[in-house]
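Below you'll find the structure, written out as structure tokens, and then a few comments.
Numbering (the numbering used here), first residue to last: 1209 to 1481.
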């Protein structure tokens, strides 16, 4: 399978989502309407559907189905702490895979941080989901610093935390977190379903910081947090391992019978109005 990409306006994607899914809009993607009247909004959606209905690729329908009912979902959200209102500095990606294919939906910047300038849908082989998602992030080399333990503020001796004359894990952690980052973000790799409900859903969370004039650091969230200089290929390997762990969990918990791969059907097209 070769990667194929489609691009839609924000309202076009909303129309497609409402036509082919009865589930909430995929997190962390946002849509903010520019219409002040509901009837104008509904009228425009009808007009857009009339334009789209005869030319929606089957792969796009499958993408929406997989995003709604994935085996594994991966989301990425990024921002700039020093320029948080700048829409060009925000990253919102929702990705999902079934047994046979992966899909990565990237939100394009709009006029504010709350608006979308549209969405791209990239199709890829299931095992290339991590690589396709990483390609949608800013391309940043690995940070050059040695591994940095990230110490939680709670329970730390304040003297150790603020005494710059002492090279302790606490001071190294504080200095690292105080460095300005061009982009800060979080990636979640989440099991898409479980016969045990929400209590059976597992996830792994990774934070990242892109330091100006240095590079990217990734932190696996958990009890022992360490910032590790991470380039694109290493990040792909990290996410691949996390995704495969979720797939293995589905298989070893005998939950594959609920897989949407090859079984998901397109909902009946609902009439407008």
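Glycine residues also receive a C-beta, built at the ideal position from the N, C-alpha and C atoms. Note that the structure is predicted; figures quoted are calculated from it, not measured.
Residue 1295 sits in a helix when the DSSP states are folded into three classes. Our two residues, residue 1436 and residue 1412, have alpha carbons roughly 16 Å apart in a direct line. For residue 1327, the enclosing beta strand (DSSP E) stretches over residues 1324-1333. Burial is judged here by how many other beta carbons sit within 10 angstroms of a residue's own beta carbon; residue 1290 has fewer than 16 and is exposed. Membership of residue 1415 in the beta strand (DSSP E) is indicated by the continuous run 1411-1419. Ranked by Cα distance from residue 1300, the first of 1459, 1294, 1308, 1315 is 1315. Using a C-beta cut-off of 8 Å, the segment 1301-1309 makes no contact with the segment 1247-1260, since fewer than three inter-stretch Cβ pairs fall below that distance.
Leaving aside the five residues that flank residue 1390 on each side, the residues in its chain whose CB is nearer than 6 Å to its CB run, in chain order, 1418, 1420. One Cα belongs to residue 1274, the other to residue 1378, and the distance between them is close to 43 Å. A direct Cα-to-Cα measurement between residue 1357 and residue 1388 gives close to 18 Å. The closest CA to that of residue 1401, considering only 1327, 1427, 1278, 1460, is found on 1278. It is roughly 28 Å from the alpha-carbon of residue 1264 to the alpha-carbon of residue 1398. Judged by pairs of C-beta atoms under 8 Å, the segment 1308-1328 does not touch the segment 1420-1430, as fewer than three such pairs exist. Residue 1443 carries a helical assignment under DSSP once its states are collapsed to helix, strand and coil. Selection 1252, 1281, 1261 evaluated against residue 1450 yields 1281 as nearest (Cα-Cα). For residue 1313, same chain residues with a beta-carbon under 6 Å away, outside a window of 5 residues either side, are 1302, 1327, 1329 in chain order. Comparing C-alpha distances from residue 1426 to each of 1360, 1404, 1355 shows the shortest one belongs to 1355. Taking C-beta separations shorter than 7 Å and ignoring five residues to either side along the sequence, the partners of residue 1440 in its chain run 1342, 1347, following chain order. Sorting 1230, 1333, 1359, 1339 by C-alpha distance to the C-alpha of residue 1276 places 1230 at the top. Boundaries for residue 1320: no alpha helix (DSSP H) harbours it, and the DSSP string shows neither H nor E there.
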